[in-house]
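**Q** Below is one structure. I have some questions about it.
Numbering (my numbering), first residue to last: 1128 to 1342.
Pasting the structure below:
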């Protein structure tokens, strides 16, 4: 009697490896993550891992690309074109901060990649391409606000996006040390709501400052 053939699922195997690797790299970084543990989590073996990704470093790059692809996919679902500039910026800011809160593994991966001085991001053309639409969207909203006379005209879109991201990034990436030093957990619902409100007010106050004088 012939034994049943095992159905091959290369895409499924690849996805499982990426999912397992994302968790391992987020928790232990590139140096701390173990290939054998990733393979075990993915229900495969090290040979298949190397077959699909070539090396541990290439797998780390693929995990970074997947993390940024998730952010880019979520950004593409934003529909801010029909909103007034103030509301559009408010929703953009809240989207970024909420995405970081809901995907803190992305922050841990970025923290680790910064230890490597962005070596693996620099080697990925895909990540640079994925970041372009959100900065273009930000620039469009800022320009609409400047044209309407509600935002100042001297705002650099890339600097603004970085600053906007930093407001949410810092609180989350330092949540444990902030709690230990200041005695507050800024991821607790009420604290987080107050920080988001304060950050939104700060962002909009900056954009509105001098707007009427430049209109």
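Glycine residues also receive a C-beta, built at the ideal position from the N, C-alpha and C atoms.
Look at the alpha carbon of residue 1234 and the alpha carbon of residue 1300, and state the distance between them as a whole number of angstroms.
**A** The residue labelled residue 1234 in the question sits at position 107 within the chain shown. The residue labelled residue 1300 in the question sits at position 173 within the chain shown. About 6 Å.
**Q** Which whole-angstrom value describes the C-beta separation of residue 1236 and residue 1265, a residue pair presumed to lie in contact below a C-beta threshold of 8 Å?
**A** Taking the first residue of the chain shown as 1, we reach residue 1236 at position 109. Taking the first residue of the chain shown as 1, we reach residue 1265 at position 138. Between residue 1265 and residue 1236 the Cβ distance is about 23 Å, and since that is not below 8 Å, they are no contact.
**Q** Excluding the 5 residues preceding and the 5 following residue 1131 in the sequence, name in chain order all residues of the same chain whose CB lies nearer than 8 Å to its CB.
**A** Within the chain shown, numbered from 1, the residue matching residue 1131 stands at position 4. A caution first: residue 1131 carries a pLDDT of 40, below 50, which makes its placement in the model too unreliable to give a value.
**Q** Would the region 1320-1327 count as touching the region 1262-1282 if we require 3 or more Cβ pairs under 8 Å?
**A** no
**Q** Verify whether the separation of the beta carbon atoms of residue 1243 and residue 1157 is less than 9 Å.
**A** The sequence position of residue 1243 within the chain shown is 116, counting from 1. The sequence position of residue 1157 within the chain shown is 30, counting from 1. Yes, the pair counts as a contact, with Cβ atoms nearer than the cut-off.
**Q** Skipping 5 residues on each side, what residues in its chain have a beta carbon closer than 6 Å to that of residue 1328?
**A** Start at 1 with the first residue of the chain shown, and residue 1328 comes out as number 201. Excluding residues within five positions, none has a Cβ falling inside 6 Å.
**Q** Let me check understanding here. Comparing Cα to Cα, which of 1191, 1227, 1286 lies closest to residue 1239?
**A** Against the chain shown, residue 1239 aligns to sequence position 112. The shortest Cα separation from residue 1239 among 1191, 1227, 1286 belongs to 1191.
**Q** Pairing CB atoms from the region 1291-1298 with CB atoms from the region 1177-1185, are three or more of them under 8 Å?
**A** No contact exists between the region 1291-1298 and the region 1177-1185.
**Q** In this structure, how does DSSP classify residue 1380 when only helix, strand and coil are distinguished?
**A** This structure does not reach residue 1380, given that the chain is present from 1128 up to 1342, and the question cannot be answered.
**Q** How long is the line joining the alpha carbons of residue 1146 and residue 1330, rounded to whole angstroms?
**A** On the chain shown, residue 1146 is found 19 positions in, with the first residue counted as 1. On the chain shown, residue 1330 is found 203 positions in, with the first residue counted as 1. Approximately 35 Å between the Cα atoms of the pair.
**Q** Could you check where the alpha helix (DSSP H) with residue 1183 kicks off and where it finishes?
**A** Position 56 of the chain shown holds residue 1183. Start and end: 1183-1203.
**Q** Kindly indicate which residue of 1313, 1149, 1136, 1286 has the alpha-carbon position closest to the one of residue 1230.
**A** For the purposes of this step, residue 1230 is taken as the residue at position 103 of the chain shown. Taking the Cα of residue 1230 as reference, the smallest distance to any Cα among 1313, 1149, 1136, 1286 is reached at 1149.
**Q** Use the C-beta contact count for residue 1212: other C-beta atoms within 10 angstroms, 16 or more gives buried, fewer gives exposed.
**A** Residue 1212 sits at position 85 when you count from the first residue of the chain shown. It counts as buried.
**Q** Grouping DSSP H, G and I as helix and E and B as strand, with all else coil, what is residue 1244?
**A** Taking the first residue of the chain shown as 1, we reach residue 1244 at position 117. Coil.
**Q** Who are the Cβ neighbours of residue 1203 in its own chain at under 8 Å, not counting the five residues just before and after it?
**A** Along the chain shown, read from residue 1 onward, the residue named residue 1203 stands at position 76. 1260.
**Q** Which residue from 1262, 1171, 1278 puts its Cα closest to that of residue 1137?
**A** If you number the chain shown from 1, residue 1137 lands on position 10. Per the Cα distances, 1171.
**Q** Excluding the 5 residues flanking residue 1141 on each side, which residues of the same chain have their C-beta closer than 8 Å to its C-beta?
**A** Residue numbering aside, residue 1141 sits at position 14 when the chain shown is read from its first letter. Result list for residue 1141: 1179, in chain order.
**Q** If I follow the unbroken alpha helix (DSSP H) through residue 1255, where does it start and stop?
**A** Working through the chain shown from its first residue, we reach residue 1255 at position 128. Element bounds for residue 1255: 1252-1274.
**Q** For a test of the three-state rule: what should DSSP assign to residue 1278, helix, strand or coil?
**A** Numbered from 1 along the chain shown, position 151 holds the residue referred to as residue 1278. Under the three-state reduction of DSSP output, residue 1278 falls in the coil class, being neither helix nor strand.
**Q** Applying the criterion that 16 or more other CB atoms from any shown protein chain within 10 Å of the CB defines a buried residue, is residue 1286 buried or exposed?
**A** Here the question's residue 1286 lines up with position 159 in the chain shown. Exposed.
**Q** What are the uninterrupted segments assigned as alpha helix (DSSP H) that are 4 or more residues long and contained completely in the region 1129-1169, given in chain order?
**A** Runs of the alpha helix (DSSP H) inside the region 1129-1169: 1137-1159, 1162-1168.
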